[in-house]
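Number of protein chains: 2
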Amino acid sequence: MSKDALPGLTLCNNAMLRRAARKLGQFYDDVQAPSGLKATQQGLLYQIHIGGEPAMGAIAAALVMDLSALGHTLKPLIRDGYVETFADPDDRRIKRVRLTPRGLVKLDEAMKLWQVAQQRFEDVIGKDKAARLRAALDEIAALDFDLPPAS
Amino acid sequence: MSKDALPGLTLCNNAMLRRAARKLGQFYDDVQAPSGLKATQQGLLYQIHIGGEPAMGAIAAALVMDLSALGHTLKPLIRDGYVETFADPDDRRIKRVRLTPRGLVKLDEAMKLWQVAQQRFEDVIGKDKAARLRAALDEIAALDFDLPPAS
DNA sequence: CACCAATAGTGGTATATGCCACTAAATGAA
DNA sequence: TTCATTTAGTGGCATATACCACTATTGGTG
Numbered sequence: 001m002s003k004d005a006l007p008g009l010t011l012c013n014n015a016m017l018r019r020a021a022r023k024l025g026q027f028y029d030d031v032q033a034p035s036g037l038k039a040t041q042q043g044l045l046y047q048i049h050i051g052g053e054p055a056m057g058a059i060a061a062a063l064v065m066d067l068s069a070l071g072h073t074l075k076p077l078i079r080d081g082y083v084e085t086f087a088d089p090d091d092r093r094i095k096r097v098r099l100t101p102r103g104l105v106k107l108d109e110a111m112k113l114w115q116v117a118q119q120r121f122e123d124v125i126g127k128d129k130a131a132r133l134r135a136a137l138d139e140i141a142a143l144d145f146d147l148p149p150a151s
Numbered sequence: 001m002s003k004d005a006l007p008g009l010t011l012c013n014n015a016m017l018r019r020a021a022r023k024l025g026q027f028y029d030d031v032q033a034p035s036g037l038k039a040t041q042q043g044l045l046y047q048i049h050i051g052g053e054p055a056m057g058a059i060a061a062a063l064v065m066d067l068s069a070l071g072h073t074l075k076p077l078i079r080d081g082y083v084e085t086f087a088d089p090d091d092r093r094i095k096r097v098r099l100t101p102r103g104l105v106k107l108d109e110a111m112k113l114w115q116v117a118q119q120r121f122e123d124v125i126g127k128d129k130a131a132r133l134r135a136a137l138d139e140i141a142a143l144d145f146d147l148p149p150a151s
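Read top to bottom, the protein sequences are chains A and B. Under our numbering, the first residue of the first sequence is numbered 1, with each subsequent residue one higher. Under our numbering, the first residue of the second sequence is numbered 1, with each subsequent residue one higher.
Structure below.
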């Protein structure tokens, strides 16, 4: 069997997803670079902002992200003074997160650039297609792969 | 706790893409774990396999990945003896990559698990929808965001 | 030939993410 | 109340990825 006959990685849903994520991530990062925030950081700040002093676990769940990964990602943002954490008074296991005033300003700044990137992407790909894509991606993020055997 | 009233990050194409990539990546990784390879590594081995001793730059281009990122990602695979590199005799700047016999065996093993993950995902999401999704993702990976140079 | 610009990779540094082992705090019995 | 269990985070380690500065080659030019 010749290698040339083998199907490319175009068939792998996961590989395609990652590849597109790299491409789009580079684009959004590029546009948002002047703010000093990566697109991921801007998204995280936004999530915290609209979350109402969310618990770390809540953020991680919303972003379908490992809790420890969230903790690591948060560190540069805390170091730079954009977010701060505090223990929930009713349950000291819970650590809540909020933006600092400085973080709020920075988020504002980054959001303006985000709009530019978002707009340009949708101009290029088409608004409808983008909406359909997001719907599909949302569905994937919500999937449950668990096999339904004994329980 | 439904904060779905606010314009969540569901609107950001990039955030949605990353989130779905995390989710799907975790699933594929999980299924492929018994092989000892991450899904990304399996994809990379596969790309090398079908590439015919590709140059590093060619791999990076195919995967829409930074060249230096590829170099770093390759290191564990070289360390574990799955791939090896050699200089192109006609152009010593170029470094070509190939699978070792051991790498080929490992790829075979991982591909069997990949099929399981791939199959299960498509069972859950629907084969048509998966195909359409891959097409959209392929399109994104091929986009050119450069502003028209107004020449 | 001598030089300079373009090309291909390397290494360092930083963020993004995941898993695992471990700690602390709350919970649910016994 | 006491103790096992569950829940929420932390820290360490490893891979994934990007950008930048730097090196080694190759090619084109005067």
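Where a beta carbon is used, it is the ideal one built from N, C-alpha and C, also for glycine.
> Ends of the beta strand (DSSP E) at A/Phe86?
Replying inline: Against the first sequence, residue 86 of chain A aligns to sequence position 86. It spans Val83 to Asp88 - the beta strand (DSSP E) in which A/Phe86 sits, taken as one unbroken run.
> When you compare only the Cα positions, how much space is there between A/Ser2 and B/Asp128?
Replying inline: Locating residue 2 of chain A in the first sequence gives position 2, where the first residue counts as 1. Locating residue 128 of chain B in the second sequence gives position 128, where the first residue counts as 1. Here the model assigns A/Ser2 a pLDDT of 44, short of 50, so the residue's position is not dependable and the matter cannot be decided.
> Going by C-alpha distance, which of A/Gln119, A/Trp114 and A/Asp91 is nearest A/Leu37?
Replying inline: Numbered from 1 along the first sequence, position 37 holds the residue referred to as residue 37 of chain A. Answer by Cα proximity: A/Trp114.
> For A/Met54, which residues of its own chain have a beta-carbon under 8 Å away from its beta-carbon, when the five flanking residues on both sides are left out?
Replying inline: Against the first sequence, residue 54 of chain A aligns to sequence position 54. For the record, residue 54 of chain A in the displayed sequence is Pro; it is not Met. If we look at A/Pro54 and ignore the five residues flanking it on each side, its Cβ neighbours are Gln47, Ile48, Ala62, Arg96 and Val97.
> Going along the chain, which residues of its own chain have a beta-carbon closer than 8 Å to the beta-carbon of A/Asp144, five neighbours each way excluded?
Replying inline: Within the first sequence, numbered from 1, the residue matching residue 144 of chain A stands at position 144. Counting only Cβ-Cβ distances below 8 Å, and skipping sequence neighbours, we find nothing.
> Shortest alpha-carbon distance to B/Val83 belongs to which of B/Arg18, B/Asp91, B/Ile94 and B/Leu99?
Replying inline: Residue mapping note: residue 83 of chain B aligns to position 83 of the second sequence, counting from 1. Looking at the Cα atoms, B/Leu99 is the closest of the given residues.
> Whose C-beta lies closer than 6 Å to the C-beta of A/Asp90 among residues of the same chain, with five residues either side of it excluded?
Replying inline: Position 90 of the first sequence holds residue 90 of chain A. Cβ within range, chain order: n/a, list empty.
> For A/Lys112, which of helix, strand or coil comes out of DSSP?
Replying inline: Taking the first residue of the first sequence as 1, we reach residue 112 of chain A at position 112. Three-state DSSP puts A/Lys112 in a helix.
> Within this structure, are the beta carbons of B/Leu70 and B/Ala60 separated by less than 8 Å?
Replying inline: By one-based count along the second sequence, residue 70 of chain B stands at place 70. By one-based count along the second sequence, residue 60 of chain B stands at place 60. Against a cut-off of 8 Å, the Cβ pair of B/Ala60 and B/Leu70 comes out as a contact.
> Using DSSP with H/G/I as helix, E/B as strand and the rest coil, what is A/Ala141?
Replying inline: As a first step, residue 141 of chain A is located in the first sequence; it is residue number 141 there, counting from the start. In the three-state scheme derived from DSSP, where H, G and I count as helix and E and B as strand, A/Ala141 is classed as helix.
> Should A/Ala150 go down as buried or exposed, given a rule of 16 or more other Cβ atoms within 10 Å for buried?
Replying inline: The count along the first sequence starts at 1 and reaches residue 150 of chain A at position 150. Low confidence applies to A/Ala150: its pLDDT is 36, below 50, so where it sits in the model is not reliable, and the reading given next is rough at best. Counting Cβ neighbours within 10 Å, A/Ala150 comes out exposed, since fewer than 16 surround it.
>> Please identify the residue among A/Thr10, A/Leu45, A/Asp108 and A/Arg134 whose C-alpha is closest to the C-alpha of A/Thr85.
In response: Numbered from its first residue, the first sequence carries residue 85 of chain A at position 85. Measuring from the Cα of A/Thr85, the nearest candidate turns out to be A/Leu45.
>> Looking at the secondary structure, which residues open and close the alpha helix (DSSP H) in which A/Asp64 lies?
In response: If you number the first sequence from 1, residue 64 of chain A lands on position 64. The residue asked about is misnamed: residue 64 of chain A is Val in this sequence, not Asp. First-last for A/Val64: undefined, no H or E at that position.
>> What does the alpha-carbon distance come out to for the pair A/Asp146 and B/Phe121?
In response: Taking the first sequence and counting its residues from 1, one reaches residue 146 of chain A at position 146. Taking the second sequence and counting its residues from 1, one reaches residue 121 of chain B at position 121. The alpha-carbon atoms of A/Asp146 and B/Phe121 are separated by roughly 11 Å.
>> So B/Leu107 and B/Gln42 are supposed to be a Cβ contact under 8 Å. How far apart are they, rounded?
In response: Here residue 107 of chain B refers to the residue found at position 107 of the second sequence. Here residue 42 of chain B refers to the residue found at position 42 of the second sequence. Approximately 7 Å separates the beta-carbon atoms of B/Leu107 and B/Gln42; this is inside 8 Å, confirming the contact.
> From A/Leu152 to A/Pro101, what does the alpha carbon distance come to, in whole angstroms?
Replying inline: Any property of residue 152 of chain A remains undetermined from this structure, which presents chain A solely from 1 to 151.
>> Rounded to the nearest angstrom, what separates B/Ser68 and A/Ala142 at their Cα positions?
In response: Residue numbering aside, residue 68 of chain B sits at position 68 when the second sequence is read from its first letter. Residue numbering aside, residue 142 of chain A sits at position 142 when the first sequence is read from its first letter. Here the C-alpha atom of B/Ser68 lies approximately 33 Å from the C-alpha atom of A/Ala142.
> Whose C-beta lies closer than 7 Å to the C-beta of A/Val116 among residues of the same chain, with five residues either side of it excluded?
Replying inline: Walking along the first sequence from the start, residue 116 of chain A turns up at place 116. So the qualifying residues of the chain are Val31.
> Using a Cβ-Cβ distance under 8 Å, would A/Arg18 count as near chain B?
Replying inline: Sequence index remark: in the first sequence, residue 18 of chain A carries index 18 (1-based). Yes, A/Arg18 lies at the interface with chain B (some Cβ there is under 8 Å from its Cβ).
>> Can you pull the chain A neighbours of B/Phe27, defined as C-beta to C-beta under 9 Å?
In response: If you number the second sequence from 1, residue 27 of chain B lands on position 27. At a beta-carbon threshold of 9 Å, the residues of chain A lying near B/Phe27 are Asn14, Leu143 and Phe145, ordered along the chain.
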